[in-house]
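Quick note on the numbering used here: the sequence shown kicks off at 493 and runs consecutively.
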Amino acid sequence: MESDLSALTSVADLLTFARQQNTNKATGQANNLFVDQQPPSIQVSLSFNEPRNTSPELLESLLLSRPLGNLAVFNPVSIDRDEPQGRQQLLNEDRSGQDLSETSFQSIENSRLLTADLSESELSGANITNSNLGMANLSEADLADSRVSDSNFMRANLGEADLNNANLETTNFSRANLSAANLQSTNINESTFIETNLEAADMSGSQISESNFSAANLSQAKLAGSDITDSNFSFANFRDADLNNTRFSDSSLYGADFRGADLSGADLSDSNLDAANFEGALYDATTDLGNLNPEDLGMINIDEMEQEELEEMN
Numbered sequence: 493m494e495s496d497l498s499a500l501t502s503v504a505d506l507l508t509f510a511r512q513q514n515t516n517k518a519t520g521q522a523n524n525l526f527v528d529q530q531p532p533s534i535q536v537s538l539s540f541n542e543p544r545n546t547s548p549e550l551l552e553s554l555l556l557s558r559p560l561g562n563l564a565v566f567n568p569v570s571i572d573r574d575e576p577q578g579r580q581q582l583l584n585e586d587r588s589g590q591d592l593s594e595t596s597f598q599s600i601e602n603s604r605l606l607t608a609d610l611s612e613s614e615l616s617g618a619n620i621t622n623s624n625l626g627m628a629n630l631s632e633a634d635l636a637d638s639r640v641s642d643s644n645f646m647r648a649n650l651g652e653a654d655l656n657n658a659n660l661e662t663t664n665f666s667r668a669n670l671s672a673a674n675l676q677s678t679n680i681n682e683s684t685f686i687e688t689n690l691e692a693a694d695m696s697g698s699q700i701s702e703s704n705f706s707a708a709n710l711s712q713a714k715l716a717g718s719d720i721t722d723s724n725f726s727f728a729n730f731r732d733a734d735l736n737n738t739r740f741s742d743s744s745l746y747g748a749d750f751r752g753a754d755l756s757g758a759d760l761s762d763s764n765l766d767a768a769n770f771e772g773a774l775y776d777a778t779t780d781l782g783n784l785n786p787e788d789l790g791m792i793n794i795d796e797m798e799q800e801e802l803e804e805m806n
């Protein structure tokens, strides 16, 4: 809004403001501006037109998320990200397509932010639930220690985002970009990462359970010390990944590509390794592949390799 909303302190002021305002440049055309004069609070709501972008990708994100309301509760205190009052709390809002970059959020609940720009935004410790951020830009955003549940990030860009120690539950990240993102010590449960780009992402020390990473790109990713249970990594790309001391249990690694990966100390004995490619992957005496012989798979014994290097140096 172009006017100074912080100066609106009475119902009369709000009514005057309502008569003067016809459009909302941030989200699109505003059809109506309603004022609820029931005490003790004053509530202003905006009714927005649906987004005009009807691309297949956007419609796909809409269909895969829960239906969200079309009315946004308008909070004069938090609408301007430059206001000094503190972090924004979005509830039942539609901010699709808006520029919210470098904005600080405390919570995003039951809201729609399709294609919104949240790059470099501050979401550390934030609660994100039942919201649609499909195709949103969250590159370099800070989501450390955040709690994300029942939400949609399909095709969203989270490149180089910080999700250290975040809790991700029943959330869809399919086909999203999380390349070079920080997911250290992240807890991932019942979430979907189908065909997600996690190249060079740091997921070391993570706890992953009942999640789907089929056909995900984890090349050069770090999963050292991670504990993965009852999850699907079929046809995932682990080329040159760090899987040192990673444990997979009751999981599917069918057709996964481990070429060049470091599997020293890894335990894959309790998972499906059918059709997986281990050519050139590293292993040591503590690597456990069940009844598979690492040498038959074309793997390289890192202990022997280090010994040969020492002998050459001497």
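A virtual CB, placed ideally from N, CA and C, is assigned to each residue, including glycine. All values derive from a computational prediction rather than experimental measurement.
For arginine 639, the uninterrupted beta strand (DSSP E) segment begins and ends at 639–641. Partner residues in the beta bridge of serine 599, as assigned by DSSP, are Gln581 and Asn619.
Arginine 739: member of the beta strand (DSSP E) spanning 739–744, first to last residue.
DSSP links asparagine 704 through a beta bridge to Thr684 and Asn724.
For phenylalanine 727, the closest C-alpha among the options Ile794, Ser761, Met797 and Leu745 is that of Leu745. Only residues of its own chain outside the window of five on either side were considered, and among them Arg573, Leu605, Ala608, Asp609, Leu610 and Ser613 have a CB closer than 8 Å to the CB of leucine 592, listed in chain order.
Bridge partners of glutamate 661 according to DSSP: Ser641 and Asn681. If you draw a straight line from the Cα of glycine 782 to the Cα of asparagine 674, it comes to about 31 Å. Per DSSP, isoleucine 794 has no beta-bridge partner at all. For serine 698, the three-state secondary structure derived from DSSP is coil. Per the C-alpha coordinates, the member of Ser623, Leu735 and Ala768 positioned closest to glutamate 661 is Ser623. Only residues of its own chain outside the window of five on either side were considered, and among them Ser631, Glu632, Asn669, Leu670, Ser671, Ala672 and Ala673 have a CB closer than 8 Å to the CB of glycine 651, listed in chain order.
Bridge pairing for asparagine 689: Asn669 and Asn709 [DSSP]. Inter-residue distance for lysine 714 and isoleucine 686 is about 18 Å (C-alpha atoms, whole angstroms). In the DSSP annotation of this structure, the continuous segment of the beta strand (DSSP E) that includes asparagine 764 starts and ends at 759–764. Between the C-alpha atoms of leucine 582 and serine 596 there is a straight-line separation of about 11 Å. Serine 616 and serine 638 do touch by the CB rule: their CB atoms are close to 7 Å apart, below 8 Å. Distance from the CA of phenylalanine 725 to the CA of glutamate 787, rounded to the nearest whole angstrom, comes to 23 Å. Comparing alpha carbon positions, the residue from Asp732, Glu594, Asn602 and Asp759 closest to aspartate 742 is Asp759.
Ranked by Cα distance from asparagine 619, the options Asn659, Ser711 and Gly626 are led by Asn659.
Here asparagine 689 is near asparagine 709, since their CB atoms are less than 8 Å apart. Rounded to the nearest angstrom, the gap between the Cα atoms of glycine 772 and methionine 791 is 5 Å.
With fewer than 16 other Cβ atoms inside 10 Å of its own Cβ, alanine 777 counts as exposed. Rounded to the nearest whole angstrom, the C-alpha separation of isoleucine 720 and phenylalanine 740 is 5 Å. Separation of alanine 648 and leucine 765 (C-alpha to C-alpha, rounded to the nearest whole angstrom) is 30 Å.
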